[in-house]
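Chains F and W, in that order, give the protein sequences.
Be aware that the first sequence starts at 0, since it is given in numbering that gives the first Met the number 0, and climbs by one per residue.
Be aware that the second sequence starts at 0, since it is given in numbering that gives the first Met the number 0, and climbs by one per residue.
Even glycine gets a Cβ: it sits at the ideal position worked out from N, Cα and C.
From a predicted model like this one, the values you see are computed outputs, not experimental measurements.
2 protein chains.
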Amino acid sequence: MARPADPNAQGALIAAARKEFVRAGVKGARIEDITHACGLSKGAFYLHFDSKEELFGQVVGEFMALVQKRVKAREEDITAFFMRNGPLREQDVRKKSARHEAFLALEVKHDRGLLETIWNYRDIFDVLMRGSQGTAFDGLVWEMVQREIERIKDSFEIFKQYGACRTDVPSEIFGSLVVGTYLLVAKQMSLLQAPPNFDLWVESLHRLIREGSAPPLQPQRQAKARRAGGKVTMQRRNKRSRP
Amino acid sequence: MARPADPNAQGALIAAARKEFVRAGVKGARIEDITHACGLSKGAFYLHFDSKEELFGQVVGEFMALVQKRVKAREEDITAFFMRNGPLREQDVRKKSARHEAFLALEVKHDRGLLETIWNYRDIFDVLMRGSQGTAFDGLVWEMVQREIERIKDSFEIFKQYGACRTDVPSEIFGSLVVGTYLLVAKQMSLLQAPPNFDLWVESLHRLIREGSAPPLQPQRQAKARRAGGKVTMQRRNKRSRP
DNA sequence: GCCATTTCTAACCCGCGGGTCATAAACTGC
DNA sequence: GCAGTTTATGACCCGCGGGTTAGAAATGGC
């Protein structure tokens, strides 16, 4: 053996490519720009990948596998929960019973997990969303979105049957609200350098979605970070001023 | 004068181009595909437009002008409202006072109007969202989204000061929820043939955002269409079954 | 040092698609 | 029908960027 290959080359190429994809989309990214960004020549690219699409596909593959795992884990957890505890009823929600709280905790946990997964691939997520039209990856996120809407719609429908949620809005609308919210939050992450306070975000969203934006009857405690991961970006604290 | 120009040519080109943009994005759309789709030759395209970007820009310009008008109209209406009525207070929201209801009606009206505008350009909106990365139009919708989040954040913050909304969630999060929801709903419109029931959608969203998804204490009436525009797509009626 | 071997470079090829233009076609006025 | 004028065509040009490859560079084994 002779002339060992540059061990960082592949990693550097992937990193540079991800940046280029963000800048110009899958179609718009130029291989020469990618290689120049890490001091390599165009030819070097083809020592590691067949095409930029293949590279993108690899990273997307990793990402989607992780997401898939998350989705499956949630499904299992949720079905296990209902097997063990039976459906939530109106009184569970009204009185915030232990079962209800346990269910919420489960949802929070999985929402947080999904957000964290997306955080690590927020650049790719961004590109899938806004820069892969007309490529093989076209529609990937949007199909995922559709499936999630469907899932939430079905879940909402079951809740309706037991009076555990309001019945005066179409379930699809609720699905769009939840998924749209998380979708934008995920997209917004692509603008951040440091990870946000996931707990604050998820807890706030859950509170809003569950209880609405109108002032509650009970006294309010601030949604707070259990575990402030990294620098907190949305640390705005409410002043609770009231004239 | 001799040989009058085909009077539908320009319109046909625009229509065909919009379809192509949806299929392949701004970059991916090919001029020959556009012209062939309306039985014209490539050269004919350049009798009407300098480039596909110029064509796209024209339509985007129309769209953004309409949106701008809507945004400005809302701003004026809202400031006029607060000039006339003063800020909403906790009791307005709690008791659903006339002022509060008037304010809500205003918001509903403008949300509905914006959705209707987007409806007419839902294809363009879709392309701006997911198929204009790396072009001059890159980021247009996302900047709009950012501005809207900011607007809602500011408004929420004022509400907080008067106790007219919950104070235990960051205002940005609320902004992301509202804008994300409408963003996804707008995007979903690109999949529909016939216009949805705007009133049902907007009223349901308002109800959810204001009061949350948990079952309310008051008896629920179905959100209904005042004016069912066209075929209603999300007409699912709730069964209100409760075991 | 020198060969063998693998890595890496940069010049090259080539197809695709945007943009042009000589030419043909269509129409008006006479 | 003919001249004049505007519209439309499609062959052509050409640059850009993906992919290839001959050969240079680097390194290990001897």
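Q) What are the boundary residues of the alpha helix (DSSP H) that includes W/Asn119? A) Following the DSSP letters along the chain, one finds W/Asn119 inside the alpha helix (DSSP H) bounded by residues Ala97 to Asn119.
**Q.** Which of helix, strand or coil DSSP assigns to F/Arg17
**A.** In the structure shown, F/Arg17 sits in a helix (DSSP, three-state: H, G or I).
Q: Determine the burial state of F/Ser170: buried for a count of at least 16 other Cβ atoms within 10 Å of its Cβ, exposed for fewer.
A: buried
Q: Please compile the residues from chain W whose C-beta is within a distance smaller than 9 Å of the C-beta of F/Leu207.
A: By Cβ distance, chain W contributes Arg165, Val168, Ile172, Phe173, Leu176, Ile208 and Gly211.
Q) For the segment 33 to 52 of chain F against the segment 154 to 164 of chain W, are there 3 or more C-beta pairs whose distance is under 8 Å? A) no
Q) Which residue comes first and which comes last in the alpha helix (DSSP H) that contains F/Phe173? A) Note, F/Phe173: alpha helix (DSSP H), Ser170 to Met188.
Q. At which residues does the alpha helix (DSSP H) containing F/Thr78 begin and terminate?
A. Lys51 to Asn84
Q. Between the segment 148 to 155 of chain W and the segment 128 to 145 of chain F, do at least 3 Cβ pairs fall closer than 8 Å?
A. no
Q | C-alpha distance - F/Asp5 paired with F/Glu19, whole-angstrom precision | A | 21 Å
Q. Looking only at its own chain, which residues have a Cβ that is under 6 Å from the Cβ of W/Asp91, when we skip the five neighbours before and after it?
A. Arg98 and His99
Q.
Below 7 Å on C-beta distance, what does W/Pro215 contact in chain F?
A. Arg165
Q | Start and end residues, alpha helix (DSSP H) containing F/Gln197 | A | According to the sequence displayed, residue 197 of chain F carries Phe and not Gln. It spans Phe197 to Glu210 - the alpha helix (DSSP H) in which F/Phe197 sits, taken as one unbroken run.
Q. Residues in the segment 62 to 94 of chain W with C-beta within 8 Å of chain F's C-beta atoms, listed in sequence order?
A. Result list: Glu89, Val92 and Arg93.
Q: Name the residue from W/Glu210, W/Phe102, W/Thr134 and W/Ile123 whose alpha carbon lies nearest to the alpha carbon of W/Ala285.
A: An answer regarding residue 285 of chain W cannot be provided, because it is not within the stretch 0 to 242 covered by chain W.
Q.
Using the Cβ count rule (16 or more neighbours within 10 Å means buried), how would you classify F/Pro195?
A. For F/Pro195, the number of other beta carbons within 10 angstroms of its own is at least 16, and it is reported as buried.
Q.
Would you say F/Val184 lies against chain W (beta-carbon separation less than 8 Å)?
A. yes
Q | Coarse secondary structure for W/Gly281, derived from DSSP in three states | A | Here chain W covers residues 0 to 242 and nothing more, so residue 281 of chain W does not appear.
Q. With 16 as the cutoff for other CB atoms within 10 Å, does W/Ala1 come out buried or exposed?
A. exposed
Q. Under the three-state reduction of DSSP, which class applies to F/Phe136: helix, strand or coil?
A. coil
Q. Who are the neighbours of W/Gly112 on chain F, taking C-beta pairs under 8 Å?
A. In chain order: nothing, as chain F lies at least about 19 Å away.
**Q.** For W/Asp167, the first and last residue of its enclosing alpha helix (DSSP H)
**A.** Note, W/Asp167: premise wrong, no alpha helix (DSSP H); not H, not E.
Q) Going by C-alpha distance, which of F/Val107, F/Arg69, F/Ser154 and F/Gln132 is nearest F/Ile117? A) F/Arg69
Q: Provide the residue span of the alpha helix (DSSP H) that contains W/Gln90, from first to last.
A: Glu89 to Lys94
**Q.** chain F residues whose Cβ lies nearer than 8 Å to that of W/Ala23
**A.** Gln132 and Gly133
**Q.** Spatial neighbours of F/Arg43 in its chain, beta-carbon cut-off 7 Å, leaving aside the 5 residues before and after
**A.** First, the amino acid is wrong: residue 43 of chain F is Ala here, not Arg. In chain order, Ala8 and Thr34 place their CB closer than 7 Å to the CB of F/Ala43, counting only its own chain and leaving out the 5 sequence neighbours on each side.
Q) Hey, would you say F/Val184 sits closer than 8 Å to W/Ser154, going by beta carbons? A) no
Q | Cα-Cα separation, F/Trp200 to W/Phe81 | A | 30 Å
Q. How many Å lie between W/Gly10 and F/Lys41 at the Cα?
A. 44 Å
Q. Do W/Leu105 and W/Ile77 have their CB atoms nearer than 8 Å?
A. yes
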